[in-house]
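Peer 1: Sharing a structure with you now.
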Amino acid sequence: MSIHSKPPIPKSGTRDGSDPLVSGITPVVSGIPPVKVSVVDDDPRIGELVEKKLRRQAGFSFLASYLTAEDLFRLLPAQIPDVLMVDIILPRASGIEVVQWVTRHFPAVRMVVLSGSDDSNHVVQALEAGARGYLLKPVVLATLPALLHDIAAGEAVLAPKISGFLVNYFNRKGLVGDALRQLTPREREIVADWSAGRSDKASADQFGITLSTYNNHLQHIFKKLAVSSKREAIEKLKGSRD
Numbered sequence: 023m024s025i026h027s028k029p030p031i032p033k034s035g036t037r038d039g040s041d042p043l044v045s046g047i048t049p050v051v052s053g054i055p056p057v058k059v060s061v062v063d064d065d066p067r068i069g070e071l072v073e074k075k076l077r078r079q080a081g082f083s084f085l086a087s088y089l090t091a092e093d094l095f096r097l098l099p100a101q102i103p104d105v106l107m108v109d110i111i112l113p114r115a116s117g118i119e120v121v122q123w124v125t126r127h128f129p130a131v132r133m134v135v136l137s138g139s140d141d142s143n144h145v146v147q148a149l150e151a152g153a154r155g156y157l158l159k160p161v162v163l164a165t166l167p168a169l170l171h172d173i174a175a176g177e178a179v180l181a182p183k184i185s186g187f188l189v190n191y192f193n194r195k196g197l198v199g200d201a202l203r204q205l206t207p208r209e210r211e212i213v214a215d216w217s218a219g220r221s222d223k224a225s226a227d228q229f230g231i232t233l234s235t236y237n238n239h240l241q242h243i244f245k246k247l248a249v250s251s252k253r254e255a256i257e258k259l260k261g262s263r264d
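Read in order, the letters of the sequence shown are residues 23 to 264 in the working numbering.
What follows is the structure in structure tokens.
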């Protein structure tokens, strides 16, 4: 089963017309609090599918499904998620505006765009506004829990098509600039691979090295660039050519 893109439904509120404060509490797993997830999408079926999947998945708590940006602006402060899934095209306010607003008011919330639009402007604007990922509909539901865990952990998660676009985009914009000259060829390969949105373990497997070795490479990269995270490194590398 997968999540598909549907034509916008001009409806306000939640999928049942009530306030979108529907809690699907999942038991704590091994003492770790569940990842709290909310959705804003004008197609109520998207929220229903995500909620149904996460209710069956240990380690998650589905908080709310909003049909409009206005509903989210009004009601999000009452139930703040760890991860917010955002459709890019919403009635009366765009998903970009949602990402900007949440980033400004609730910076700890991780956001991932889930959209049928692969418009390059939407992708760049969403990521620059603060989204941690961009996924294209349809998304296979079986993969959703792992993707949401990666987002909650601060990883970037991108659809393969979006990853390829970003590599080309950042190359054109001069991401590979002066700061990269400090890095070894292998370290440059690792930096380039970040655009694929893989987890650290998946990236280590991609390079045929252990996770420990991969983490050592990360620490060397961070030290050379005087940063403490992938996001800071990318911002510094991009800024080196601005």
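Every residue gets a Cβ at the ideal spot worked out from N, C-alpha and C, and that includes glycine.
Run the CB neighbour count on histidine 127, radius 10 Å, all protein chains shown included, and call it buried at 16 or more, exposed below.
Peer 2: In the sequence shown, residue 127 corresponds to position 105, counting from 1. That one is exposed.
Peer 1: Buried or exposed, going by whether 16 or more other CB atoms sit within 10 Å of the CB of threonine 90?
Peer 2: Counting from 1 along the sequence shown, the entry for residue 90 is found at position 68. So threonine 90 counts as buried.
Peer 1: By the DSSP assignment, the alpha helix (DSSP H) with leucine 112 in it spans what residues?
Peer 2: On the sequence shown, position 90 is the one that residue 112 refers to. Run containing leucine 112: none; DSSP gives neither H nor E here.
Peer 1: What are the uninterrupted segments assigned as alpha helix (DSSP H) that are 4 or more residues long and contained completely in the segment 93-142, given in chain order?
Peer 2: If we require 4 residues or more, the alpha helix (DSSP H) runs fully inside the segment 93-142 come out as 117-127.
Peer 1: Just to confirm before moving on: does the CB-CB distance between glutamine 228 and proline 167 stay below 7 Å?
Peer 2: Here residue 228 refers to the residue found at position 206 when the sequence shown is read from its first residue. Here residue 167 refers to the residue found at position 145 when the sequence shown is read from its first residue. Their beta carbons are not under 7 Å apart, which means glutamine 228 does not touch proline 167 by this criterion.
Peer 1: When the Cα atoms are used, what is the spatial distance from leucine 71 to valine 108?
Peer 2: Counting from 1 along the sequence shown, the entry for residue 71 is found at position 49. Counting from 1 along the sequence shown, the entry for residue 108 is found at position 86. Straight-line Cα distance between these residues: approximately 14 Å.
Peer 1: When the distance is taken between beta carbons, is histidine 239 closer than 7 Å to glutamate 209?
Peer 2: Against the sequence shown, residue 209 aligns to sequence position 187. Against the sequence shown, residue 239 aligns to sequence position 217. Yes, the pair counts as a contact, with Cβ atoms nearer than the cut-off.
Peer 1: Leaving out five residues on either side along the sequence, give the residues of the same chain with a beta carbon under 8 Å from the beta carbon of valine 105.
Peer 2: One-based indexing of the sequence shown puts residue 105 at position 83. Here the set comprises Val57, Lys58, Val59, Ser60, Val131, Arg132, Met133, Val134, Leu170, Ile173 and Ala174.
Peer 1: Quick check on the burial criterion: 16 or more other C-beta atoms within 10 angstroms. Buried or exposed for glycine 230?
Peer 2: One-based indexing of the sequence shown puts residue 230 at position 208. The residue in question, glycine 230, is exposed, as its Cβ has fewer than 16 Cβ neighbours within 10 Å.
Peer 1: Ignoring anything shorter than 4 residues, give me the alpha helix (DSSP H) runs that lie fully in the segment 207-247, in order along the chain.
Peer 2: As far as the segment 207-247 is concerned, its whole alpha helix (DSSP H) runs of at least 4 residues are 207-215, 222-229 and 233-247.
Peer 1: Using the Cβ count rule (16 or more neighbours within 10 Å means buried), how would you classify alanine 248?
Peer 2: Taking the first residue of the sequence shown as position 1, residue 248 is located at position 226. That one is exposed.
Peer 1: Do serine 234 and lysine 177 come within 7 Å of each other at the CB atom, strictly closer than that value?
Peer 2: Taking the sequence shown and counting its residues from 1, the one referred to as residue 177 is at position 155. Taking the sequence shown and counting its residues from 1, the one referred to as residue 234 is at position 212. Before going on, a small fix: residue 177 reads as glutamate here, not lysine. Contact flag unset, no.
Peer 1: Hey, how far is the Cα of phenylalanine 95 from the Cα of glycine 152?
Peer 2: Residue numbering aside, residue 95 sits at position 73 when the sequence shown is read from its first letter. Residue numbering aside, residue 152 sits at position 130 when the sequence shown is read from its first letter. Cα to Cα, the separation comes out at about 17 Å.
Peer 1: If I measure Cβ to Cβ from phenylalanine 84 and keep anything under 6 Å in the same chain, skipping five residues before and after, which residues do I get?
Peer 2: Translated into the one-based positions of the sequence shown, residue 84 becomes position 62. Closer than 6 Å at Cβ, skipping near neighbours: Gly46, Val59, Glu73 and Leu76.
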